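Enquirer: Numbered by full-length UniProt numbering, the letters in the sequence shown go through residues 1 to 333 in order. From the three backbone atoms N, C-alpha and C, an ideal C-beta is built for every residue, glycine too. Keep in mind that this is a model prediction, so the values were computed, not measured.
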Amino acid sequence: MLRSRAELIDGIRVLRTASLGNLLSVPLSFAFFWHFLRLALKSDVVHINLQFPSASLALWLTHWLIKGKTVVSYHCDVYRQRYLKRITYLFDRYVVRHANLVITGSPALRKHSEVLGGIHREIGAVPYSIDMEYVDRCLEQSSALELPAHFRQEGYCVFFGRLVSYKGTESLDRAFRLLMERQEPVNLVVFGIGPEESHFKKLAEDFPRRVHFINAFVSDVDKYHLIRGARLFLFPSVYYSEAFGIAQLDAMACGKPVLNCWLDTGVNWVAPDREAASTIMPGDARQLAEAITSLLNDPDRLAELGQGGLDRCRRLFAETAVKTRFIELVRSL
1 MLRSRAELID GIRVLRTASL GNLLSVPLSF AFFWHFLRLA LKSDVVHINL QFPSASLALW
61 LTHWLIKGKT VVSYHCDVYR QRYLKRITYL FDRYVVRHAN LVITGSPALR KHSEVLGGIH
121 REIGAVPYSI DMEYVDRCLE QSSALELPAH FRQEGYCVFF GRLVSYKGTE SLDRAFRLLM
181 ERQEPVNLVV FGIGPEESHF KKLAEDFPRR VHFINAFVSD VDKYHLIRGA RLFLFPSVYY
241 SEAFGIAQLD AMACGKPVLN CWLDTGVNWV APDREAASTI MPGDARQLAE AITSLLNDPD
301 RLAELGQGGL DRCRRLFAET AVKTRFIELV RSL
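1) Would you decide whether Asn297 is buried or exposed? Buried here means 16 or more other CB atoms lie within 10 Å of its CB.
2) Quick check on Thr320: buried or exposed, where buried means 16 or more other Cβ atoms within 10 Å of its Cβ?
3) Between Val78, Arg152, Phe207 and Arg82, which lies nearest to Tyr240 when the distance is taken from Cα to Cα?
4) Taking one C-beta from the region 136–150 and one from the region 35–51 each time, how about it: are there three or more such pairs within less than 8 Å?
5) Would you decide whether Ser198 is buried or exposed? Buried here means 16 or more other CB atoms lie within 10 Å of its CB.
6) Using C-beta distances below 7 Å, list every residue in its chain close to Ile193, excluding the 5 sequence neighbours before and after it, in chain order.
7) Determine contact between the region 259–268 and the region 241–249, defined as no fewer than three beta-carbon pairs at a distance below 8 Å.
8) Leaving out the 5 sequence neighbours to the left and right, which residues in its chain are closer than 8 Å to Ser29 when beta-carbon positions are compared?
9) Is it buried or exposed for Arg13, if we count other Cβ within 10 angstroms and need 16 for buried?
10) CB Met252 to CB Gly161, shorter than 7 Å?
11) Using CA atoms only, rank isn't needed, just tell me which of Glu275, Ala271, Asp284 and Phe33 is closest to Ala108.
12) Determine whether the Cβ of Leu263 lies closer than 7 Å to any Cβ atom of chain D.
13) With DSSP as the reference, label Cys157 as helix, strand or coil.
14) Using the Cα positions of Asp10 and Val102, report the straight-line distance between them to the nearest angstrom.
15) Could you tell me which of Arg209, Trp34 and Asp220 sits nearest to Asp131, measuring between CA atoms?
16) First and last residue of the beta strand (DSSP E) that includes Phe36?
17) Within 10 Å of its beta-carbon, does His150 have 16 or more other beta-carbons around it, so buried, or fewer, so exposed?
18) So, Asn187 versus Arg210, is the Cβ gap smaller than 7 Å?
19) Kindly indicate the opening and closing residues of the beta strand (DSSP E) around His47.
20) Would Phe233 pass as a contact of Val258 if the rule is Cβ separation under 7 Å?
21) Tell whether a beta-carbon distance below 7 Å holds between Val189 and Val158.
22) Are there three or more Cβ pairs, one per stretch, closer than 8 Å when the region 115–124 is compared with the region 79–93?
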């Protein structure tokens, strides 16, 4: 986008700044710095989200001019750009130390973060939320997607989202092939797009009766119907860059059990082992295959974890409760 433009989204004015493209996953937007300064100087609260190196750099450059309060939402560390982060972390640590309020999505991120771990200051936790009423409204509508009849009859596991390596796509591919070698009667529905989609195209070609791959981002109505129809949600992410795992909330809101991995991030706080999830070691395809088989053969366990996740979702992640918590923190400044 070569020109900045303003939009109105849900009654809120949003300014999209011009960009020359991305470099190392970061937008190259010189216009961002101008608009940041222009708006920050007249704002009561300046709220930035990290990781976004341009935001921490902009706040570092202009903090001495800003009269309002500053809020930093810290979402995750950097893992892929091992050398670049040595520079960007300098600005991140500075704004985290000097902001009036710093919040994370989970207590686990505060404990294990490369940036936050060495900074001694109060840091709040405001989790990401899910609109439970919206989920219910989606499920009240009809889905246009058709699954093979035997998927509905026998049940299936579901995996969805951005198909990228840190989501555990390779280990899921290998695990499912192990299940097929053992002739386990397991069905898999995958939907999403991304650089790792070739894994699931090949799986669907090799095992057309057992794998149904929808190579697209589907509507929310279709998404929640696919989740509700599943017996088990697979979330085998393998890297710390999976800081929260918001897709787990989608499954928990539908009362579905989660199979996730030990990451020492918010993933295991959102869906704890033995309460809402069954948790295994990351990247272990054999253990993943065995966990899938074990859970599918234990319907009582599936029901227990599904109900536990639904209860936890209502208690901690309902949108109204999270909104109230965030507003209270900002008003306390």
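Expert: Considering the structure as presented:
1) Exposed: under 16 other Cβ atoms inside 10 Å.
2) Counting the other CB atoms within 10 Å of its CB gives Thr320 a total below 16, which places it among the exposed residues.
3) Val78
4) no
5) exposed
6) Leu163, Asn215, Ala216 and Phe217
7) yes
8) Within the same chain, and ignoring the five residues on either side of Ser29 in sequence, the residues whose Cβ sits closer than 8 Å to its Cβ are Thr17, Ala18, Ser19, Leu20 and Ser54.
9) exposed
10) no
11) Ala271
12) Judged by its chain identifiers, the structure shown contains no chain D, having just a single protein chain.
13) strand
14) 26 Å
15) Asp220
16) Phe36 -> not in any beta strand (DSSP E); alpha helix (DSSP H) instead, spanning Phe30 to Ala40.
17) The residue is exposed, with fewer than 16 neighbouring Cβ atoms inside 10 Å.
18) yes
19) Element bounds for His47: Val45 to Leu50.
20) yes
21) yes
22) yes
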